[in-house]
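Step one of this worksheet: look at the structure below.
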Amino acid sequence: MSFIDSLQGAWARNNSLLCVGLDPDLSKFPAHLAGKPDAIFEFCKAIVDATADLACAFKPQIAYFAGESAEEQLEALIDHIHLNHPNIPVILDAKRGDIGATAAQYAREAFERFQADALTVNPYMGFDSVEPYLEYPDCGLIVLCRTSNPGGSDLQNLEITGGKKLYQHVASLVAEKWNRHGQAALVVGATFPAELADVRSLIGDMPLLVPGIGAQGGDVQATVNAGKTATGTGLMINSSRAILYAGKGEDFASAARVAAIATRDEINKYR
Ligand SMILES: O=c1ccn([C@@H]2O[C@H](COP(=O)(O)O)[C@@H](O)[C@H]2O)c(=O)[nH]1
3 MSFIDSLQGA WARNNSLLCV GLDPDLSKFP AHLAGKPDAI FEFCKAIVDA
53 TADLACAFKP QIAYFAGESA EEQLEALIDH IHLNHPNIPV ILDAKRGDIG
103 ATAAQYAREA FERFQADALT VNPYMGFDSV EPYLEYPDCG LIVLCRTSNP
153 GGSDLQNLEI TGGKKLYQHV ASLVAEKWNR HGQAALVVGA TFPAELADVR
203 SLIGDMPLLV PGIGAQGGDV QATVNAGKTA TGTGLMINSS RAILYAGKGE
253 DFASAARVAA IATRDEINKY R
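Counted from 1, the sequence shown has number 19 at position 17 by this note's numbering; the numbering is strictly sequential.
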C-alpha cells in the first residue's frame, strides 16, 4: 500500500491527525532503562504500543538513533511497527539533501534498509537532488517548506522573483512540478500558522507534516484552522518530547498515552 493510502486509512481509522515523534534521548529516559543495551528500542517500542491506536503516523528522527550508534535499534523498531501496527505509516525524519548519485543511496537507506514509508528531504539542492526518491512512487517524499524553528525565516522568508517568498515558491514547485507520482507532502511548522494557511492555499489537499506543537509551543487551534482541508484532514501534526517524556517513571508509556489522548482530542476539537 502507498504511503498516502496508508496515511488516509490511519486518519480515518484512528480518527486522528496526531503524528507521534520518536526522538529517544537517553538523558531523559526513566531510570529503570539506564544501561540496558537495547534501551532505545525498548523505550520507543513501549511508546509505540501505547499510542498506536491514537496516531496517524510515527516519526522517528534518525539523529537520535545514529548519535548513539543505534541504527540497528531503529531497524528493529520500524520492523516492530510494521509487524504489530501495519496500518500506521512510518516517516523517517532525516532531512536528506545531496546530489543525485548520493541521494540514490539515501533513498536505498530509507526505503530498503529501514523500510520507512516516507522520508523528509531538503529541497535546497533542487530537483535532481530529489529525483532518485521518485523511483519509489509508493513511498512518501516530505519536503521542507517552512520549518518550525526561528532561524527558518533566515532563508525561507526571503523575497525572491515577483515578490514571492522562498517558502511559497517551494510549496508551488513541489505541488505543481515535483509531485509527479502523487507521493509528496510538505513540512510546515505549527509555530507559523499564517504561513501554514498560505501554504494550504497554494497546494490544494496535499498532506502537511506539521511539527511545533507541544514542546515548541505552537497553538493547536490556530494550526488546525490554518492547515486542515475541507474534509478536516490533510495534517500530520507532530509532537515528540511532550508525549515521550510526559512521565519519568516505570509508567512512562501510560503517561505518554494520556498525553497523546489529550493532544489528539484537542486537535479533533478544531477539525
Ligand atoms: O520544521 C521542523 C522540522 C522537523 N522538526 C522535527 O520534529 C520534531 C519536533 O519535536 P518536539 O519535541 O515536538 O519539538 C523533532 O524531531 C524535530 O527534529 C521540527 O521540529 N521542525
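The beta carbon of each residue, even a glycine, is placed where N, CA and C say it ideally should be.
Have a look at Ala261 and Gly23 and give me their C-alpha separation to the nearest angstrom. 13 Å
Residue from Gly165, Val226 and Gln185 with nearest C-alpha to Thr193: Val226
Ala12 vs Asn89 beta-carbon contact at 9 Å: yes
In DSSP terms, what Ala186 is bridged to: Leu143
Use the C-beta contact count for Pro195: other C-beta atoms within 10 angstroms, 16 or more gives buried, fewer gives exposed. buried
I want to check one thing, is the minimum distance from the CB of Thr122 to the heavy atoms of ligand 1 below 8 Å? yes
Taking the beta carbon of Met238 as the centre, do at least 16 other beta carbons fall within 10 Å, making it buried, or is it exposed? buried
Pro125 and Leu76 - do their beta-carbons sit closer together than 9 Å? no
Relative to ligand 1, is the shortest distance from any of its heavy atoms to the C-beta of Asn240 smaller than 8 Å? yes
Quick check on the DSSP output: the alpha helix (DSSP H) that includes Ala96 runs from which residue to which? Taken as a continuous stretch (DSSP letters only), Ala96 belongs to no alpha helix (DSSP H), being part of the beta strand (DSSP E) at Ile93 to Arg98.
Which residue wins for smallest C-alpha separation from Glu137, given the options Arg110, Pro152, His84 and Gly153? Arg110
Kindly give me the distance between the Cβ atoms of Leu9 and Pro91, rounded to whole angstroms, as I take these residues to be in contact under 8 Å. 5 Å
For Thr288 versus Ser242, is the C-beta distance shorter than 9 Å? With the chain covering only 3 through 273, there is no way to say anything about residue 288.
Please confirm whether any heavy atom of ligand 1 lies closer than 8 Å to the CB of Arg266. no
Using only the alpha-carbon positions, how far apart do Lys206 and Gly154 sit? According to the sequence shown, residue 206 is Gly rather than Lys. Going by the C-alpha atoms only, they are around 23 Å apart.
Can you name, in chain order, every residue of its own chain whose Cβ lies under 6 Å from the Cβ of Asn159, other than the five neighbours on each side? Lys167
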